[in-house]
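Going by my numbering, the sequence shown opens with residue 2, and the numbers climb by one from there. No residue lacks a Cβ here, since even glycine has one placed at the ideal position from N, Cα and C. Notes follow once the structure below has been shown.
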Amino acid sequence: MCGIAGMQLKPPHKAGEEALKQMGMLQKHRGPDHFGFVLKGNLGFAHNRLSIVDPSPAGHQPFSDGRRVLVYNGEIYNHQDLRKELSAKGIVFKSGSDTESLFHALVHLGVEETLRKISGMYAFAFADLDGDVVYLCRDRYGIKPLLWLENEKGIYWASEAKAFKPVAPLEVEPVRTFFSASGLGDQSGEYTVFKGVRQVQPGTYLVCKGGKRAETRRYHDLRQEIDPHYHAELDSMPFEKVQGLFGGLVENSVRRMLMSDVPMGSFVSGGVDSSLIAFWAAKLDAPHTLFTANVVGAYSEYEDAKMLAAFLGKKLEAFEFRPEMMLSGWASCTYHYECPMVTHINAIPFAKVAELASRAGVKAVLTGEGSDELFWGYPHLHWGRWKKALRFPLELSKKLYGIVPGLSNRVYDEMHSIHPFLERTARAFEPVLTRGAAQDAYSFLPAGQRQAYAQSLEMMKHGLLSLLHRNDRMGMSSGIESRFPYLDDALVRFALNLPARFRRGFSLKALDIKHPFMMDKKILRLEAARRVPARLAFKRKMGFPMYGHRHLRVKPAFFKGGFLEELLGLSAPALELMCAGEPADFLSKTVSVEIFGRIFAAEQSPEAVTQSLVENASLQY
């Protein structure tokens, strides 16, 4: 709901008012309703507010009692329960904001106990001013961003990297930036593509004392939610009972996430995930408005979104996104995205829908992110059982060609490449480490069943982060907060322990060519079929498609004098070869890296980069 920033400097350095104001100005889009700051010696706290719960001045931040101070971004959905517990201890509340509930919990219960009790999405800095101790805390799933850096002067934190510019050089890290062409830029819970700028990892907090090196402490790990007894309990139940549990969890999650004193809406595509959320939102919140992108052309899902709106009797606002808008919006979205837009080029129409919601007077929306990772909506999660059989002809032919030394490599063009190693290194081996830990967490399952479970958990820790990054940066670029009912704590625990037979089932119809005659997200689809039209409940996964990377054609002139030319020392003939010979999909992802580099390394304006792109690129469809 907001943007936070601050600093804890080493003596004799003093925090500066002007620096705090400049940090806040660079994040004003995150919280246009109010700006406040607190200074005390070497400590400084700044807050840009997007007023959603108790919009009155009583909810403004920084929130302080003179000794302690809090700057907070997010929503604590169980803050009323906290308030009751604290009121019983004699605490008197002066506002209706969840900020005050969080503040008093931190003061009277302590950081560790508060983090165990609260349920929601959050990133906050809480400090004891007299003790010169700052706690930087981030939610369990990495929904809200919290970046930090330290240098010879001390420690700084912010919701976005650009906010560090007034206090420290913001330098692009060339290795990670280059390898972002493979999609790693927004999939880490810790690293960024800027030198020295890191993220507080999901489920952890930093303890910063006197501006000295921060200590990381973990208070939550997704693996601790995996419980063989809960899995066995669910496995013993009939489908109807488990479906009833699931339906109740979804309804309760939506109910809690409608917590707001301002108008809310839902982002919908007409797919099953967002449709089920929109159903409950419409049932529980009368003035609820739906928003969608009509991606004009072959990828449009507008008719399905209209069907949902008509069925629910709700107003549907649609942004008409035309293919050429990719070129005109790429650079401005990259400025807010803060890394190359490779995995989610659809961040561009997403940003336009956020603008639409903002103009409609909405400040917070519900979305359907998280269900595919939790309930196995991705095709590769269903291939494991048949992958060996499907690959048998290929593996057999390789063995036959392998009889002659070197022949297999020549036939299949599979000379050993260092590229995968370099990519794993650039990602600090995060996915590899996660994969091993995930396999261990599901060790109670038969060996043949662990892979899909482990992959799902791995996606929660990496792939989902890229979606959360997209929703936060693109939504907050227009002051729109995204909320994620499928990431409710109780629902996540349910999903992580759900037996496979509730996640997938056979179908008499070829619902999806990628896994024909198989129903993915079985429990979700069958629950949705009770609530919305069958066409929406059993719609195949689309993934917010658009004319994108593979449709782009770019001239060498776009790269001339740019970031990659300088970084790699590319000659004019090399640029010609790159643009003429490389596959369009790869080349377009390289364009994403170039756009990012021009804005954040060469410090060109998004407008100037847009002009160059429009002049030297086109879409073919």
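With DSSP as the reference, please indicate the residues paired to residue i in a beta bridge.
| i | result |
| --- | --- |
| Met122 | Glu76 |
| Met520 | Gly506 |
| Asn253 | DSSP, once it has assigned bridges, lists no residue as partnering Asn253. |
| Glu482 | Ala365 |
| Ala294 | Phe320 |
| Asn49 | Gly4, Phe36 |
| Ser65 | Val70 |
| Lys210 | Val134 |
| Ser267 | Leu291, Leu367 |
| Tyr192 | Arg199 |
| Thr624 | Nothing in the structure corresponds to residue 624, since the chain is present only between 2 and 622. |
| Lys41 | Leu44 |
If we count the other Cβ atoms within 10 Å of its Cβ and call it buried at 16 or more, is residue i buried or exposed?
| i | result |
| --- | --- |
| Lys85 | exposed |
| Gly570 | exposed |
| Ser606 | exposed |
| Arg599 | buried |
| Tyr622 | exposed |
| Arg50 | buried |
| Leu375 | buried |
| Met543 | exposed |
| Asp66 | exposed |
| Gly314 | exposed |
| Ser237 | exposed |
| Glu577 | exposed |
| Gln62 | buried |
| Gly266 | buried |
| Met26 | exposed |
CB residue i to CB residue j, shorter than 9 angstroms?
| i | j | result |
| --- | --- | --- |
| Ser57 | Ser96 | yes |
| Lys196 | Glu172 | yes |
| Tyr73 | Phe125 | yes |
| Lys22 | Phe36 | yes |
| Pro264 | Lys364 | yes |
| Arg141 | Leu223 | yes |
| Met24 | Ala215 | no |
| Trp377 | Lys522 | yes |
| Ala455 | Ala442 | yes |
| Leu150 | Ser372 | no |
| Pro548 | Tyr303 | It should be pointed out that residue 548 corresponds to Tyr in this sequence rather than to Pro. Taking 9 angstroms as the Cβ cut-off, Tyr548 and Tyr303 do not qualify as a contacting pair. |
| Ala624 | Lys561 | The structure shown does not extend to residue 624, since the chain spans only 2 to 622, so no value can be given for it. |
| Ser479 | Ala358 | yes |
| Arg269 | Leu291 | The residue asked about is misnamed: residue 269 is Val in this sequence, not Arg. Yes. |
| Ser333 | Glu608 | yes |
| Ser88 | Gly60 | no |
| Asn347 | Arg471 | yes |
| Phe507 | Val273 | no |
| Val134 | Lys41 | no |
| Ile596 | Thr178 | no |
| Leu465 | Ala439 | no |
| Leu207 | Thr193 | no |
Apart from the five residues just before and just after residue i, which ones in its own chain have a Cβ nearer than 8 angstroms to its Cβ?
| i | result |
| --- | --- |
| His463 | Gln188, Ser189, Gly190, Glu431, Pro432, Thr435 |
| Ala20 | Met8, Gly45, Pro167, Val168 |
| Asp131 | Arg68 |
| Val255 | Ile278, Trp281, Ala282, Leu285, Leu367, Pro486 |
| Met308 | Gly271, Pro534, Arg536, Leu537 |
| Phe587 | Ala182 |
Counting only the same chain and skipping the five closest in sequence on each side, list residues whose C-beta sits under 6 angstroms from that of residue i.
| i | result |
| --- | --- |
| His232 | Asn498 |
| Phe445 | Pro229 |
| Arg474 | His337, Tyr338 |
| Phe280 | Arg532, Val533 |
| Glu415 | Only weak support is given to the placement of Glu415: the predicted model assigns it a pLDDT of 49, under 50, and the value that follows is read from those uncertain coordinates. Within the same chain, Glu415 has no close Cβ partners at all. |
| Gly4 | Gln28, Arg31, Gly32, Asn49, Ser160 |
| Asn79 | Ser120 |
| His417 | Low confidence applies here, because His417 scores a pLDDT of 45, under 50, leaving its location unreliable; read the following figure in that light. Cβ within range, chain order: n/a, list empty. |
| Phe320 | Ala294, Lys353, Val354, Leu357 |
| Ser275 | Val269, Gly369 |
| Tyr123 | Gly75, Asp140, Lys145 |
| Gly248 | Glu528 |
Leaving out five residues on either side along the sequence, give the residues of the same chain with a beta carbon under 7 angstroms from the beta carbon of residue i.
| i | result |
| --- | --- |
| Val343 | Ser181, Ala182, Gly184, Gly186, Lys590, Ser593 |
| Glu252 | Trp281 |
| Gly212 | Gln9, Leu10, Lys11, Asn43, Gly155, Ile156 |
| Arg505 | Trp377, His383, Met519, Met520, Asp521, Lys523 |
| Glu482 | Met2, Leu51, Ile53, Lys364, Ala365, Gly476 |
| Ser613 | Phe559 |
Is the closest heavy atom of the ligand PLP to the C-beta of residue i under 8 angstroms?
| i | result |
| --- | --- |
| Ser267 | The ligand content of the structure shown is nil, which means the ligand PLP is not present either. |
**OP:** May I have a chain-ordered list of the beta strand (DSSP E) segments no shorter than 3 residues that lie completely inside the stretch 102-184?
**Re:** Whole beta strand (DSSP E) segments, 3+ residues: 121-129, 134-139, 148-151, 155-159.
Original post:
Which whole runs of the beta strand (DSSP E) in the stretch 580-620 are 3 residues long or more, in chain order?
Top reply: Entirely contained in the stretch 580-620, the beta strand (DSSP E) runs reaching 3 residues are, in chain order, 618-620.
**OP:** Could you pull out every unbroken alpha helix (DSSP H) segment of at least 4 residues lying fully inside the stretch 544-581, listed in chain order?
**Re:** Under the rule that a run must span 4 or more residues, the alpha helix (DSSP H) segments found entirely inside the stretch 544-581 read 564-569.
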